[in-house]
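In the numbering used here, the protein residues as written are 5 to 71.
To keep things clear, I will list the structure first and then write my remarks on it.
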């Protein structure tokens with residue numbers, strides 16, 4: 005389930021909401037004032053790769069001519 009970040013346009017409160025689906029966003033209300041006048045914020049994310057940060061491949065490279 006995705007977590008969306010919002011800012012209430014009525015009271016200015018920022019908050020996060022865990023929703024079951026993208027369509028459930030229409031049902032979200034501000035937990036501070038109850039308003040449905042919300043603006044969705046652009047959320048950031050990060051990913052982490054366990055182990056070595058260098059990647060290597062044992063595959064051979066393709067020739068420039070395609071043969």
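For glycine and all other residues, C-beta sits at the position ideal for the given N, C-alpha and C.
Here the structure is a predicted model, which is why all the values come from computation and not from measurement.
_Please return the same chain residues whose Cβ sits closer than 7 Å to the Cβ of residue 43, not counting the five positions on each side in sequence._
Closer than 7 Å at the Cβ level, and outside the excluded window around residue 43, lie 10, 11, 13.
*How should residue 34 be labelled, buried or exposed, when 16 other C-beta atoms within 10 angstroms of its C-beta is the threshold for buried?*
Buried, since its Cβ has 16 or more Cβ neighbours within 10 Å.
*asked:* With DSSP as the reference, identify every bridge partner of residue 18, one or two as the case may be.
replied: Answer is 11, bridged to residue 18.
*For residue 40, collect the residues of the same chain with a Cβ closer than 7 Å to its Cβ; drop the 5 residues on either side in sequence, then sort them by chain order.*
The beta carbon of residue 40 sits closer than 7 Å to those of 33, all from its chain and outside the five residues before and after it, given in chain order.
_Euclidean distance between Cα positions of residue 6 and residue 23_ = Computed Cα separation, rounded: 6 Å.
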